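Have a look at the structure below, then the notes.
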Amino acid sequence: MTALTDTVNQMISSESVVIFSKTYCPYCKMAKEVFDKMQKKYKAIELDERDDGDNIQDILGEMTGARSVPRVFVNGECLGGGTDVKKLYESGDLAKKF
1 MTALTDTVNQ MISSESVVIF SKTYCPYCKM AKEVFDKMQK KYKAIELDER
51 DDGDNIQDIL GEMTGARSVP RVFVNGECLG GGTDVKKLYE SGDLAKKF
């Protein structure tokens, strides 16, 4: 495991909700809005504002099978992207993750 992989794992475990995001991404905004509606605090890691953002995306791709953003983690579990999170919210299944 690389040092950056360790860092990504620490990021994921540091908060109950972690969103790997890009500031201009509409699906990332969608995911954040879901947690705002639920009044759940989240940590957004904006990959386009980090020098190692592309490398983090590669690591997320290896970990989750997709390197697209957002990559949303709740209690260490990857829930997928913005559309996935919205569907979980609308079905009531997202609330059960807390």
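Those letters in the sequence shown? Residues 1 to 98, per our numbering, in order. Glycine residues also receive a C-beta, built at the ideal position from the N, C-alpha and C atoms. Here the structure is a predicted model, which is why all the values come from computation and not from measurement.
| Item | Value |
| --- | --- |
| Can you check whether the CB of Leu60 is closer than 8 Å to the CB of Phe20? | yes |
| Between Ala95, Gly76, Ser91 and Asp84, which lies nearest to Asn9 when the distance is taken from Cα to Cα? | Gly76 |
| Is it the case that the Cβ atoms of Val85 and Val18 are separated by a distance below 8 Å? | no |
| Shortest alpha-carbon distance to Glu46 belongs to which of Gly65, Cys25 and Lys40? | Cys25 |
| Taking all protein chains shown into account, decide if Lys32 is buried (16 or more other Cβ within 10 angstroms of its Cβ) or exposed. | buried |
| I'd like the span of the alpha helix (DSSP H) that includes Ser13, first residue to last. | Ala3 to Ser14 |
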